[in-house]
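Below is one structure, written out as structure tokens, with a few remarks after it.
Numbering (full-length UniProt numbering), first residue to last: 1 to 79.
Listed below in structure tokens is the structure:
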């Protein structure tokens, strides 16, 4: 996975809008071998939410913390 985002990553609002970070989220999901729709359903999220995040929309920063945390943990980010 991406070197810049290995290990502990401090999740900040600025990071949620970082293009490289957004691309890393999609890469990690694809590495898991699941579609955005299936990934979202596995986490109890709506598929359009995951798709908008991966397209770089500001949706991630506007969602409740517990959903963002669930999503990031599923992708291997611990905070």
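Backbone N, C-alpha and C fix where the C-beta goes; we use that ideal spot for every residue, glycine too.
query                                                                                                                       : result
Proximity of residue 50 and residue 40 at Cβ, strictly below 7 angstroms                                                    : yes
Other residues of its chain near residue 42: CB distance less than 8 angstroms, five sequence neighbours each side excluded : 34, 74
Alpha-carbon to alpha-carbon, residue 22 and residue 32                                                                     : 16 angstroms
Cα-Cα separation, residue 8 to residue 19                                                                                   : 19 angstroms
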